[in-house]
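Working notes, beginning with the structure itself.
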Amino acid sequence: MNTFIKGLDLLLGAICCLVLAIMVGIACWQVVSRYILGVPSTLTEEMLRFLLVWVSMLGMAFVAGQKQHISLTLLLDKVSPTIRGWWDIILQVIFIAFSIWVLIIGGLKISAISMLQISPALGIPMGKIYYALPCAGVLIILYGLLNIVDALKAIHSATDTTEHTLEKSHD
């Protein structure tokens, strides 16, 4: 399973880096075409906005998978590994619930509603842009389930260590 997670991390990180590099190239072209050539590009601004939506959603999934999201650990640093593991499971369940209701269900609804709305410059159905929401939701659920498995392993390991320490102290 570690190989799968590392592969998914690598793929998602590479996609985010590629999209960011494309965004930098588009932004540079926008500046050159507007200020040097004197002919502003009509497509670049809209393309940058759409790519920003996608890189934000994929980046959110990547950060959630790495457990690098914003969190307050002041109290968690002082509790046992077992409590920390259970708290991690609770957080992952909250992430999964949010992903199901907001990102997947809400994202599919907004995508369906917006499919007939066409973007002015690129001519792309707006629903395709909003597919970033359910895609991110699926990835966050996948990462959440994998993180729950890791937390359960950590709880089991901490319990075994505690039991072993107690047995040793009774001998």
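Quick note: the sequence shown, position 143, residue 143 per full-length UniProt numbering, numbers continuous.
All C-beta atoms in this analysis are idealised placements derived from N, C-alpha and C, irrespective of residue type, glycine included.
Is the number of C-beta pairs between the region 35–53 and the region 95–102 that are closer than 8 Å three or more? With a cut-off of 8 Å, the region 95–102 and the region 35–53 do not count as touching, because too few Cβ pairs lie within range.
Under three-state DSSP, which class holds Ile70? Of the three classes helix, strand and coil, the one that applies to Ile70 here is coil, per DSSP.
For Pro40, the three-state DSSP class (helix, strand or coil): Here Pro40 sits in coil by DSSP.
If you draw a straight line from the alpha carbon of Ser157 to that of Val93, how long is it in whole angstroms? Straight-line Cα distance between these residues: approximately 21 Å.
Would you call the region 140–156 in contact with the region 13–23, where contact means no fewer than 3 C-beta pairs closer than 8 Å? These segments do not touch.
Range covered by the alpha helix (DSSP H) that runs through Arg84: Where Arg84 is concerned, the enclosing alpha helix (DSSP H) stretches over 81–98.
May I ask you to list the residues that DSSP assigns as paired with Ile118? In DSSP, Ile118 forms a bridge with Pro125.
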